[in-house]
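Accompanying notes for the structure given below.
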Amino acid sequence: MEHLTAIVNKKAKKWITTASIVLFGAISIVFTILCMRYFKSGVLYKYNTVITSSLVAAEVICTGLCFAFFLTNKEAVYKLLLTALGLAAVFLLGVYILQVTGVLDKIDSVDDLRLWIEQTGVWAPICFIVIQFLQVVVLPIPSVVTVGAGVALFGPLECIIYSYIGIVLGSLVGFFIGKVLGYRAAAWLVGKETLDSWLLKIKGKDKAVLTAMFLLPMFPDDVLCFVAGLSTMTWPFFIIMILITRALGIVMTSYSLNGSIIPYNTWWGLLSWAIIGVAVIVLFIFLYKKGDKIERWFLNKFDSLRKRKKGEKIVGEIEEEKLPSEKKSAGESKIVGDVPHKHDE
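In terms of the numbering used here, the sequence shown opens at residue 34 and continues consecutively.
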(Lines of atoms letter the chains of each structure in order from A; the text may use other names.)
(Lines give C-alpha, C1' and ligand atoms only; values in the text may rest on other atoms or scores of the structure.)
Protein backbone atom coordinates (compact mmCIF):
# COMPACT_ATOMS: atom_id res chain seq x y z
CA MET A 34 0.00 0.00 0.00
CA GLU A 35 2.80 2.41 0.93
CA HIS A 36 4.64 1.51 -2.28
CA LEU A 37 1.51 2.28 -4.32
CA THR A 38 1.06 5.63 -2.54
CA ALA A 39 4.68 6.54 -3.27
CA ILE A 40 4.18 5.77 -6.98
CA VAL A 41 1.00 7.89 -7.12
CA ASN A 42 2.73 10.80 -5.35
CA LYS A 43 5.70 10.56 -7.72
CA LYS A 44 3.44 10.65 -10.78
CA ALA A 45 1.42 13.56 -9.37
CA LYS A 46 4.63 15.50 -8.69
CA LYS A 47 5.81 14.82 -12.24
CA TRP A 48 2.57 16.10 -13.78
CA ILE A 49 2.45 19.18 -11.54
CA THR A 50 6.07 20.08 -12.31
CA THR A 51 5.54 19.57 -16.05
CA ALA A 52 2.41 21.73 -15.99
CA SER A 53 4.26 24.44 -14.03
CA ILE A 54 7.13 24.51 -16.55
CA VAL A 55 4.75 24.79 -19.52
CA LEU A 56 2.51 27.36 -17.81
CA PHE A 57 5.33 29.63 -16.60
CA GLY A 58 7.09 29.39 -19.96
CA ALA A 59 3.93 30.25 -21.90
CA ILE A 60 3.02 33.18 -19.62
CA SER A 61 6.56 34.57 -19.85
CA ILE A 62 6.59 34.43 -23.66
CA VAL A 63 3.09 35.86 -24.17
CA PHE A 64 3.45 38.73 -21.72
CA THR A 65 6.96 39.59 -22.91
CA ILE A 66 5.46 40.27 -26.33
CA LEU A 67 2.50 42.19 -24.87
CA CYS A 68 4.67 44.30 -22.54
CA MET A 69 7.14 45.21 -25.29
CA ARG A 70 4.32 46.27 -27.64
CA TYR A 71 3.21 48.81 -25.04
CA PHE A 72 6.35 50.97 -25.42
CA LYS A 73 5.83 53.82 -27.89
CA SER A 74 9.11 55.72 -27.46
CA GLY A 75 12.67 55.42 -26.23
CA VAL A 76 15.31 52.73 -26.68
CA LEU A 77 12.89 49.86 -26.02
CA TYR A 78 10.64 51.13 -28.81
CA LYS A 79 13.52 51.74 -31.24
CA TYR A 80 14.94 48.24 -30.86
CA ASN A 81 11.65 46.58 -30.01
CA THR A 82 11.89 43.71 -32.50
CA VAL A 83 15.45 42.76 -31.55
CA ILE A 84 14.83 42.95 -27.79
CA THR A 85 11.53 41.06 -28.00
CA SER A 86 13.03 38.32 -30.18
CA SER A 87 16.02 37.95 -27.84
CA LEU A 88 13.85 37.75 -24.71
CA VAL A 89 11.43 35.24 -26.25
CA ALA A 90 14.33 33.10 -27.50
CA ALA A 91 15.89 33.13 -24.02
CA GLU A 92 12.55 32.11 -22.46
CA VAL A 93 12.06 29.27 -24.95
CA ILE A 94 15.59 27.99 -24.27
CA CYS A 95 15.08 28.31 -20.51
CA THR A 96 11.79 26.37 -20.73
CA GLY A 97 13.37 23.63 -22.84
CA LEU A 98 16.40 23.29 -20.55
CA CYS A 99 14.18 23.23 -17.47
CA PHE A 100 12.14 20.38 -18.91
CA ALA A 101 15.26 18.50 -20.04
CA PHE A 102 16.95 18.76 -16.63
CA PHE A 103 13.70 17.70 -14.96
CA LEU A 104 13.52 14.54 -17.07
CA THR A 105 17.17 13.74 -16.28
CA ASN A 106 16.60 14.27 -12.52
CA LYS A 107 18.98 17.25 -12.25
CA GLU A 108 16.91 18.64 -9.39
CA ALA A 109 19.05 21.64 -8.39
CA VAL A 110 19.33 22.93 -11.97
CA TYR A 111 15.70 22.48 -13.01
CA LYS A 112 14.45 24.07 -9.78
CA LEU A 113 16.67 27.10 -10.42
CA LEU A 114 15.35 27.43 -13.98
CA LEU A 115 11.76 26.89 -12.83
CA THR A 116 12.22 29.63 -10.23
CA ALA A 117 13.49 31.98 -12.94
CA LEU A 118 10.51 31.18 -15.19
CA GLY A 119 8.06 31.62 -12.32
CA LEU A 120 9.53 34.98 -11.34
CA ALA A 121 9.50 36.15 -14.95
CA ALA A 122 5.87 35.08 -15.38
CA VAL A 123 4.67 36.87 -12.21
CA PHE A 124 6.75 39.98 -12.95
CA LEU A 125 5.65 40.30 -16.59
CA LEU A 126 2.00 39.69 -15.74
CA GLY A 127 2.15 42.40 -13.08
CA VAL A 128 3.96 44.84 -15.40
CA TYR A 129 1.42 44.31 -18.16
CA ILE A 130 -1.53 44.92 -15.83
CA LEU A 131 0.13 48.09 -14.54
CA GLN A 132 0.85 49.25 -18.10
CA VAL A 133 -2.70 48.72 -19.29
CA THR A 134 -4.43 50.19 -16.24
CA GLY A 135 -1.94 52.90 -15.26
CA VAL A 136 -2.60 52.03 -11.63
CA LEU A 137 0.74 53.20 -10.22
CA ASP A 138 0.08 56.76 -11.39
CA LYS A 139 -3.27 56.85 -9.58
CA ILE A 140 -2.74 55.32 -6.14
CA ASP A 141 -1.17 58.11 -4.12
CA SER A 142 -4.22 58.21 -1.84
CA VAL A 143 -7.52 56.51 -1.06
CA ASP A 144 -9.46 59.15 -3.04
CA ASP A 145 -7.25 58.79 -6.12
CA LEU A 146 -7.63 55.02 -6.13
CA ARG A 147 -11.39 55.29 -5.58
CA LEU A 148 -11.78 57.72 -8.49
CA TRP A 149 -9.73 55.50 -10.81
CA ILE A 150 -11.75 52.38 -9.95
CA GLU A 151 -14.99 54.34 -10.30
CA GLN A 152 -14.04 55.29 -13.86
CA THR A 153 -14.01 51.64 -14.90
CA GLY A 154 -17.82 51.52 -14.61
CA VAL A 155 -19.36 48.05 -14.55
CA TRP A 156 -15.87 46.55 -14.37
CA ALA A 157 -15.15 48.27 -11.06
CA PRO A 158 -15.64 45.13 -8.89
CA ILE A 159 -13.33 43.07 -11.14
CA CYS A 160 -10.70 45.82 -11.17
CA PHE A 161 -10.87 46.11 -7.39
CA ILE A 162 -10.44 42.33 -6.94
CA VAL A 163 -7.41 42.38 -9.28
CA ILE A 164 -5.87 45.29 -7.35
CA GLN A 165 -6.38 43.47 -4.05
CA PHE A 166 -4.75 40.38 -5.57
CA LEU A 167 -1.76 42.36 -6.87
CA GLN A 168 -1.51 44.27 -3.60
CA VAL A 169 -0.61 41.01 -1.89
CA VAL A 170 1.79 39.74 -4.57
CA VAL A 171 3.56 42.63 -6.30
CA LEU A 172 2.07 46.06 -5.61
CA PRO A 173 3.64 48.12 -2.79
CA ILE A 174 0.26 49.43 -1.60
CA PRO A 175 -0.86 49.14 2.04
CA SER A 176 -4.08 47.15 2.41
CA VAL A 177 -5.58 50.03 4.41
CA VAL A 178 -5.45 52.20 1.25
CA THR A 179 -7.12 49.61 -0.98
CA VAL A 180 -9.76 48.64 1.58
CA GLY A 181 -10.43 52.32 2.28
CA ALA A 182 -11.03 52.95 -1.42
CA GLY A 183 -13.31 49.90 -1.57
CA VAL A 184 -15.39 51.04 1.40
CA ALA A 185 -15.79 54.51 -0.11
CA LEU A 186 -16.80 53.07 -3.47
CA PHE A 187 -18.85 49.94 -2.70
CA GLY A 188 -19.71 50.23 0.99
CA PRO A 189 -18.40 47.93 3.76
CA LEU A 190 -20.25 44.73 2.82
CA GLU A 191 -19.37 44.62 -0.89
CA CYS A 192 -15.84 45.76 -0.11
CA ILE A 193 -15.44 42.83 2.29
CA ILE A 194 -16.58 40.32 -0.36
CA TYR A 195 -14.39 41.70 -3.17
CA SER A 196 -11.37 42.20 -0.89
CA TYR A 197 -11.69 38.70 0.53
CA ILE A 198 -11.63 37.11 -2.94
CA GLY A 199 -8.62 39.10 -4.15
CA ILE A 200 -6.57 38.97 -0.95
CA VAL A 201 -7.10 35.25 -0.31
CA LEU A 202 -6.11 34.38 -3.89
CA GLY A 203 -3.07 36.65 -3.64
CA SER A 204 -2.12 35.12 -0.29
CA LEU A 205 -2.24 31.60 -1.76
CA VAL A 206 -0.01 32.68 -4.67
CA GLY A 207 2.43 34.36 -2.26
CA PHE A 208 2.59 31.23 -0.11
CA PHE A 209 3.11 29.13 -3.26
CA ILE A 210 6.04 31.32 -4.29
CA GLY A 211 7.69 30.89 -0.90
CA LYS A 212 6.91 27.19 -0.50
CA VAL A 213 7.50 25.94 -4.07
CA LEU A 214 9.75 28.46 -5.83
CA GLY A 215 11.76 28.99 -2.66
CA TYR A 216 13.94 31.58 -0.96
CA ARG A 217 15.52 33.03 -4.12
CA ALA A 218 12.16 33.87 -5.64
CA ALA A 219 10.84 35.52 -2.47
CA ALA A 220 14.10 37.44 -1.91
CA TRP A 221 14.02 38.71 -5.48
CA LEU A 222 10.47 40.01 -5.08
CA VAL A 223 10.72 41.71 -1.67
CA GLY A 224 14.48 42.10 -1.15
CA LYS A 225 16.94 39.83 0.65
CA GLU A 226 17.43 42.08 3.69
CA THR A 227 13.70 42.55 4.22
CA LEU A 228 13.02 38.84 3.90
CA ASP A 229 15.88 37.85 6.21
CA SER A 230 14.79 40.31 8.90
CA TRP A 231 11.24 38.93 8.93
CA LEU A 232 12.43 35.33 8.95
CA LEU A 233 14.63 36.15 11.94
CA LYS A 234 11.73 37.81 13.78
CA ILE A 235 9.45 34.79 13.55
CA LYS A 236 12.07 32.08 14.01
CA GLY A 237 10.78 29.33 16.31
CA LYS A 238 7.33 30.92 16.70
CA ASP A 239 6.16 31.29 13.11
CA LYS A 240 2.64 29.90 13.43
CA ALA A 241 1.57 32.01 16.43
CA VAL A 242 3.23 35.27 15.34
CA LEU A 243 2.25 35.06 11.66
CA THR A 244 -1.36 34.29 12.58
CA ALA A 245 -1.46 37.46 14.69
CA MET A 246 0.21 39.50 11.93
CA PHE A 247 -2.30 38.37 9.32
CA LEU A 248 -5.10 39.64 11.56
CA LEU A 249 -3.69 43.17 11.68
CA PRO A 250 -3.67 45.59 8.72
CA MET A 251 -0.35 47.34 9.41
CA PHE A 252 1.94 44.49 8.35
CA PRO A 253 3.16 43.98 4.74
CA ASP A 254 0.95 41.35 3.11
CA ASP A 255 3.39 40.30 0.40
CA VAL A 256 6.31 39.75 2.79
CA LEU A 257 4.17 37.81 5.27
CA CYS A 258 2.91 35.38 2.61
CA PHE A 259 6.42 34.73 1.30
CA VAL A 260 7.73 34.29 4.85
CA ALA A 261 4.87 31.89 5.65
CA GLY A 262 5.82 29.83 2.60
CA LEU A 263 9.42 29.63 3.83
CA SER A 264 8.38 28.74 7.38
CA THR A 265 7.29 25.40 8.85
CA MET A 266 3.65 26.06 7.90
CA THR A 267 1.94 23.35 5.88
CA TRP A 268 -0.60 23.98 3.13
CA PRO A 269 -3.61 22.81 5.21
CA PHE A 270 -2.62 24.99 8.18
CA PHE A 271 -1.99 28.04 5.98
CA ILE A 272 -5.25 27.69 4.04
CA ILE A 273 -7.37 27.36 7.19
CA MET A 274 -5.47 30.15 8.93
CA ILE A 275 -5.65 32.54 5.96
CA LEU A 276 -9.38 31.95 5.41
CA ILE A 277 -10.11 32.83 9.05
CA THR A 278 -7.62 35.66 9.65
CA ARG A 279 -8.26 37.41 6.33
CA ALA A 280 -12.00 37.36 6.95
CA LEU A 281 -11.63 38.84 10.44
CA GLY A 282 -9.00 41.37 9.36
CA ILE A 283 -10.95 42.63 6.34
CA VAL A 284 -14.21 42.90 8.31
CA MET A 285 -12.50 44.84 11.12
CA THR A 286 -10.72 47.17 8.69
CA SER A 287 -13.79 47.79 6.52
CA TYR A 288 -16.13 48.66 9.37
CA SER A 289 -13.54 50.57 11.38
CA LEU A 290 -12.58 52.90 8.51
CA ASN A 291 -16.06 54.39 8.12
CA GLY A 292 -16.79 54.46 11.85
CA SER A 293 -20.10 52.63 11.44
CA ILE A 294 -19.56 50.46 14.53
CA ILE A 295 -17.43 52.67 16.77
CA PRO A 296 -17.63 56.35 15.72
CA TYR A 297 -14.64 58.69 15.66
CA ASN A 298 -16.61 61.84 16.50
CA THR A 299 -17.55 60.99 20.10
CA TRP A 300 -15.47 60.83 23.28
CA TRP A 301 -16.47 57.24 24.00
CA GLY A 302 -15.68 56.22 20.43
CA LEU A 303 -12.16 57.66 20.63
CA LEU A 304 -11.69 56.08 24.06
CA SER A 305 -12.86 52.71 22.72
CA TRP A 306 -10.43 52.88 19.81
CA ALA A 307 -7.62 53.83 22.16
CA ILE A 308 -8.39 50.83 24.41
CA ILE A 309 -8.60 48.50 21.40
CA GLY A 310 -5.30 49.83 20.07
CA VAL A 311 -3.51 49.32 23.39
CA ALA A 312 -5.02 45.83 23.78
CA VAL A 313 -3.88 44.83 20.28
CA ILE A 314 -0.34 46.10 20.92
CA VAL A 315 -0.12 44.29 24.28
CA LEU A 316 -1.49 41.08 22.76
CA PHE A 317 0.95 41.20 19.87
CA ILE A 318 3.93 41.84 22.16
CA PHE A 319 2.82 38.92 24.34
CA LEU A 320 2.53 36.63 21.30
CA TYR A 321 5.90 37.78 19.99
CA LYS A 322 7.63 37.18 23.33
CA LYS A 323 5.85 33.94 24.23
CA GLY A 324 4.96 32.68 20.75
CA ASP A 325 7.35 29.73 20.86
CA LYS A 326 5.98 28.55 24.23
CA ILE A 327 2.37 29.01 23.11
CA GLU A 328 3.07 27.07 19.93
CA ARG A 329 4.74 24.24 21.85
CA TRP A 330 1.82 24.11 24.29
CA PHE A 331 -0.70 23.73 21.47
CA LEU A 332 1.47 21.14 19.72
CA ASN A 333 1.78 19.12 22.94
CA LYS A 334 -2.00 19.27 23.43
CA PHE A 335 -2.63 18.11 19.86
CA ASP A 336 -0.04 15.34 20.21
CA SER A 337 -1.62 14.15 23.46
CA LEU A 338 -5.08 14.19 21.90
CA ARG A 339 -3.84 12.32 18.83
CA LYS A 340 -2.06 9.70 20.96
CA ARG A 341 -5.15 9.25 23.13
CA LYS A 342 -7.38 8.76 20.11
CA LYS A 343 -4.85 6.35 18.63
CA GLY A 344 -4.77 4.42 21.93
CA GLU A 345 -8.57 4.27 22.05
CA LYS A 346 -8.62 3.00 18.47
CA ILE A 347 -6.09 0.27 19.27
CA VAL A 348 -8.05 -0.78 22.37
CA GLY A 349 -11.24 -0.91 20.29
CA GLU A 350 -9.56 -3.07 17.65
CA ILE A 351 -8.25 -5.46 20.36
CA GLU A 352 -11.73 -5.73 21.88
CA GLU A 353 -13.23 -6.43 18.46
CA GLU A 354 -10.67 -9.19 17.92
CA LYS A 355 -11.42 -10.67 21.35
CA LEU A 356 -15.18 -10.74 20.78
CA PRO A 357 -15.22 -13.41 18.01
CA SER A 358 -12.70 -15.56 19.90
CA GLU A 359 -14.82 -15.39 23.06
CA LYS A 360 -17.92 -16.40 21.11
CA LYS A 361 -15.97 -19.26 19.57
CA SER A 362 -14.75 -20.44 22.99
CA ALA A 363 -18.29 -20.27 24.36
CA GLY A 364 -19.56 -22.35 21.43
CA GLU A 365 -16.87 -24.99 21.91
CA SER A 366 -17.69 -25.24 25.62
CA LYS A 367 -21.35 -25.79 24.78
CA ILE A 368 -20.50 -28.60 22.36
CA VAL A 369 -18.27 -30.30 24.91
CA GLY A 370 -21.03 -30.02 27.51
CA ASP A 371 -23.53 -31.71 25.17
CA VAL A 372 -21.33 -34.78 24.49
CA PRO A 373 -22.56 -37.76 26.66
CA HIS A 374 -20.04 -39.29 29.08
CA LYS A 375 -19.51 -43.06 29.47
CA HIS A 376 -20.97 -43.26 32.96
CA ASP A 377 -24.13 -41.63 31.63
CA GLU A 378 -24.56 -44.58 29.31
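Where is the CB? At the ideal position from N, CA and C, for every residue including glycine.
Asked: Please identify the residue among Y111, Y80 and T105 whose C-alpha is closest to the C-alpha of C379.; Found: The structure shown has nothing for residue 379, since the chain only spans 34 to 378.
Asked: Which value, in whole angstroms, describes the spacing of the CA atoms of I272 and T244?; Found: 11 Å
Asked: Return the Cβ separation of A182 and L131 in integer angstroms, given the expectation that the two are a contact with Cβ distance under 8 Å.; Found: With 8 Å as the limit, A182 and L131 do not qualify as a contact, their Cβ atoms being about 17 Å apart.
Asked: What distance in whole Å lies between the Cβ atoms of V284 and I193, which are believed to be in contact at a cut-off of 8 Å?; Found: 6 Å
Asked: Restricting to Cα atoms, I'd like to know which of T265, V128, V155 and L186 is closest to K236.; Found: T265
Asked: Please report how far the alpha carbon of L190 lies from the alpha carbon of V256, in whole angstroms.; Found: 27 Å
Asked: Once the 5 residues before and after F72 are set aside, which same chain residues still bring their CB inside 7 Å of it?; Found: Y78 and N81
Asked: How many Å lie between K47 and L104 at the Cα?; Found: 9 Å
Asked: Are A219 and V169 closer than 9 Å when you measure CB to CB?; Found: no
Asked: So, are the CB atoms of L12 and F57 less than 9 Å apart?; Found: Given that the chain is displayed from residue 34 to residue 378, the structure contains no residue 12 and the question cannot be resolved.
Asked: Quick check: G215 and D254, are their CB atoms within less than 9 Å of each other?; Found: no
Asked: How long is the line joining the alpha carbons of A226 and K342, rounded to whole angstroms?; Found: This sequence places Glu at residue 226; Ala is not what is there. Approximately 45 Å, taken between the alpha carbons.
Asked: Closest to K212 by CA distance: which of S176, I162, T267 and T179 is it?; Found: T267
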